[in-house]
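Trainee: Next up is a structure, given as structure tokens.
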Amino acid sequence: MQVPLTNWPQGNIELRRHLASLSPITVMTRPELKNFRRIVVKVGSSLLIDAAAGAVKEAWLEALAADLARLHAEGRDVLVVSSGSIALGRSKLKLPRGPLKLEESQGAAAVGQIALARLWSKVLAAHGIDAGQILVTLQDTEERRRYLNARSTIAKLLEWRAIPVINENDTVATNEIRYGDNDRLAARVATMASADLLVLLSDIDGLYDAPPGANPNAKLIPVVDSVSAEIEGMAGAAESELSRGGMTTKIEAAKIATTAGTHMLIASGKIAHPLQAIADGGRCTWFLTPANPVTARKRWIAGSLEPKGTLIIDAGAVTALRGGASLLPAGVIRVEGHFARGDAVVVRGPDTHEIGRGLVAYDAENADRIKGHSSSDAARILGVDGRAEMIHRDDLVVGAGPA
């Protein structure tokens, strides 16, 4: 389905030029929620906490949990990125309103995180769903070794059909090493989890061509096919004192997500059952990507990372990899180079032709110790239970180089 350009909102002249540049007469229509298999939902503090009363909006949270449970029951993987630990902590500690010092924010987060985890555990348990708490810092999403650890934890929780509830670890994050907003964190989580959709529930129901609070004639933009300079210029300030981000951070999140092959949308969370409203065609802004999470991630592995070493594998492993399998220690003949866990390595066949590239699950020393052995023997040799695979198929690109 295509939407005539004449049906789109009018207003910002730069926006109209941007839309007109997409096609002489048409632009893309919005996707549907039912078409996505792995969905990350970001919930802001102002949606979860009543600032005036300093209390949780329990009825709203229960309605959202029902929406999440419905997606979960349909067989989808669901993740939540939830703000609220500092807001809950300052409420419980009865701290005065206004800016908090760093150590006060960290202390409030320490108290509030327990309450936040309890809340999510309670509302999801009402639908027979386990919640798994994950606290991350900037380094966990930027450094490959920690990134792989977090990714593996998320994957295991989803395999167990739990819902990971993720937040920035505000108890240890400092101003220099923090995200500072959960919009960009949610985008990083979405890419880390290979999600195909990120939903940002917000105080506002989407991106407008002008700040809607100041301009009553501002128009909602239903679909953004790419984040251009004109789109970035439409971002305004935060709408709530509890929010650390505003539309600017949401646009930045859109750039992160869509570059990695994840669609994103911004929708109002101020209504009951906000996800059901999206599914029913409610107002929101979709940010589209032409890629998908798997191809985008593998393109990054194949072309953007400098290999730190080489694994020479036997003919049987070559056949297995070309059939879509992971690389097991038993198939490795020789280990070359100096690399750490999470580094990119080249995989070559016994004739030294390149078979592919991937992110290795062991450092060079341990990889050399367990090469040629079964995964069960590898645990005995190393004395610890490590990964069953030398390179998991999700972290492997076959055919990245000459065959």
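Everything in the sequence shown is counted per the working numbering, starting at 3 for the first residue and increasing by one.
Cβ atoms here follow ideal geometry from the backbone N, Cα and C, with glycine treated the same way.
Predicted model only: the values in this text are computed from it and were never measured.
#1: First and last residue of the beta strand (DSSP E) that includes residue 266?
#2: Across which residues does DSSP place residue 128 in a beta bridge pair?
#3: Curious, which full-length alpha helix (DSSP H) runs of at least 4 residues does the stretch 79-138 contain?
#4: Per DSSP, what kind of secondary structure is residue 197 in: helix, strand or coil?
#5: By the three-class DSSP mapping on this structure, what secondary structure does residue 295 have?
#6: Where DSSP assigns a beta bridge to residue 289, which residues make up the other side?
#7: Helix or strand or just coil, what does DSSP make of residue 166?
#8: Near residue 365, what residues of its chain come up, given a Cβ to Cβ distance below 6 angstroms and the 5 sequence neighbours on each side ignored?
#9: Let me know the secondary structure DSSP gives residue 401 once reduced to three states.
#10: Residue range of the alpha helix (DSSP H) that residue 359 falls in?
#11: Where DSSP assigns a beta bridge to residue 52, which residues make up the other side?
#12: Tell me which residues share the same chain as residue 171 and place their Cβ nearer than 7 angstroms to its Cβ, disregarding the 5 neighbours each side in the sequence.
#13: Under three-state DSSP, which class holds residue 273?
#14: Which class does residue 206 belong to by DSSP, given the choice of helix, strand or coil?
#15: Kindly indicate which three-state DSSP category residue 320 falls into: helix, strand or coil?
#16: Is residue 94 near the ligand FMN, in the sense that its beta carbon is under 8 angstroms from a heavy atom of that ligand?
#17: Are the Cβ atoms of residue 307 and residue 260 separated by less than 9 angstroms?
#18: What number of angstroms, rounded off, separates the C-alpha of residue 232 from the C-alpha of residue 31?
#19: Which residue from 334, 336, 211 and 398 puts its Cα closest to that of residue 346?
#20: State buried or exposed for residue 386, treating a residue as buried only when at least 16 other CB atoms are found within 10 Å of its CB.
#21: Which residue's Cα is closest to the Cα of residue 45: 317, 59, 79 and 39?
#22: Count Cβ pairs between the stretch 311-326 and the stretch 357-376 that sit closer than 8 angstroms; are there 3 or more?
#23: Mind checking which residues open and close the beta strand (DSSP E) that includes residue 335?
#24: What first and last residue would you give for the beta strand (DSSP E) that runs through residue 32?
#25: So what does DSSP say about residue 313, is it helix, strand or coil?
#26: Flag this pair as yes or no: are the beta carbons of residue 360 and residue 349 separated by less than 9 angstroms?
#27: Does the stretch 275-290 touch the stretch 314-324, meaning 3 or more C-beta pairs lie closer than 8 angstroms?
#28: Could you name the residues of the same chain whose beta carbon sits closer than 6 angstroms to that of residue 278, not counting the 5 residues immediately before and after it, in chain order?
#29: Does the stretch 195-214 come close enough to the stretch 105-122 to have 3 or more Cβ pairs within less than 8 angstroms?
#30: Please tell me whether residue 295 and residue 196 are closer than 9 angstroms, where the distance is taken between their beta carbons.
Mentor: Let me lay it out:
#1: Where residue 266 is concerned, the enclosing beta strand (DSSP E) stretches over 265-270.
#2: Per DSSP, none; premise fails for residue 128.
#3: Entirely contained in the stretch 79-138, the alpha helix (DSSP H) runs reaching 4 residues are, in chain order, 87-94 and 104-127.
#4: Residue 197 falls in the coil class under three-state DSSP.
#5: Here residue 295 sits in helix by DSSP.
#6: 226 and 266.
#7: Correct three-state label for residue 166: strand.
#8: For residue 365, the CB contacts under 6 angstroms within the same chain, skipping 5 residues up- and downstream, are 342 and 343 in chain order.
#9: Here residue 401 carries a coil assignment [DSSP, helix/strand/coil].
#10: That residue, residue 359, is in no alpha helix (DSSP H); its beta strand (DSSP E) goes 356-361.
#11: DSSP lists 57 as the beta-bridge partner residues of residue 52.
#12: Excluding residues within five positions, the ones whose Cβ falls inside 7 angstroms are 137, 138 and 139.
#13: Coil, per DSSP.
#14: DSSP places residue 206 in coil when its eight states are reduced to three.
#15: Reduced to three states, the DSSP call for residue 320 is helix.
#16: With respect to the ligand FMN, the structure offers nothing, as it holds no ligand at all.
#17: In terms of Cβ geometry, residue 307 and residue 260 do not form a close pair [threshold 9 angstroms].
#18: Between residue 232 and residue 31, the C-alpha separation is close to 20 angstroms.
#19: Across the set 334, 336, 211 and 398, the C-alpha of 398 shows the shortest separation from the C-alpha of residue 346.
#20: In summary, residue 386 is exposed, with fewer than 16 beta-carbon neighbours lying within 10 Å of its beta-carbon over all protein chains present.
#21: For the residues 317, 59, 79 and 39, the minimum Cα distance to residue 45 belongs to 59.
#22: At 8 angstroms Cβ cutoff, the stretches touch.
#23: Here the beta strand (DSSP E) through residue 335 covers 334-339.
#24: Premise fails: residue 32 is in no beta strand (DSSP E) and is neither H nor E.
#25: Of the three classes helix, strand and coil, the one that applies to residue 313 here is strand, per DSSP.
#26: Taking 9 angstroms as the Cβ cut-off, residue 360 and residue 349 qualify as a contacting pair.
#27: Segments in contact, no.
#28: Excluding sequence positions up to five before and after residue 278, its CB lies within less than 6 angstroms of the CB of 69, all in the same chain and listed in chain order.
#29: Contact check between the stretch 195-214 and the stretch 105-122: fewer than three CB pairs, one atom from each, fall below 8 angstroms, which does not count as touching.
#30: Taking 9 angstroms as the Cβ cut-off, residue 295 and residue 196 qualify as a contacting pair.
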